[in-house]
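J.: Heads up: take any position in the sequence shown, counting from 1, add 50, and you land on the working numbering. Cβ atoms here follow ideal geometry from the backbone N, Cα and C, with glycine treated the same way.
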Amino acid sequence: MIPVGERGWEARIDVVFRSAEGQSLRGSQPVLPSCTFGSPREAMDAALLYGQRVLSDWVRGAA
Numbered sequence: 051m052i053p054v055g056e057r058g059w060e061a062r063i064d065v066v067f068r069s070a071e072g073q074s075l076r077g078s079q080p081v082l083p084s085c086t087f088g089s090p091r092e093a094m095d096a097a098l099l100y101g102q103r104v105l106s107d108w109v110r111g112a113a
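1. Please state whether the Cβ-Cβ distance between residue 97 and residue 57 is less than 8 Å.
2. Residue 60 and residue 93: beta carbons closer than 8 Å?
3. Just verifying my parser: in three-state terms, what is the DSSP assignment at residue 56?
4. What's the C-alpha gap between residue 84 and residue 54?
5. Spatial neighbours of residue 89 within its chain, please: CB distance less than 8 Å, with the 5 preceding and 5 following residues excluded, ordered by chain position.
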């Protein structure tokens with residue numbers, strides 16, 4: 051979560067993929083571009099839900 055302006059919060063997810071050889075690939079992206087949330091809790095909930103969806107989509111694509 052990142053404070054935005056005086057009263058807003060931006061939700062972001064950080065993704066880290068690690069290979070068996072120890073190499074890693076990292077990325078960070080906003081949950082919803084240009085969207086702010088009214089509280090840290092709302093931003094955290096949005097990030098958790100979005101992260102679950104991204105992981106689920108990735109697992110389906112890898113299968």
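T.: Working from what's here:
1. Against a cut-off of 8 Å, the Cβ pair of residue 57 and residue 97 comes out as no contact.
2. Yes, the pair counts as a contact, with Cβ atoms nearer than the cut-off.
3. In the structure shown, residue 56 adopts coil according to DSSP, grouped into three states.
4. Cα-Cα distance, rounded: 10 Å.
5. Closer than 8 Å at the Cβ level, and outside the excluded window around residue 89, lie 59.
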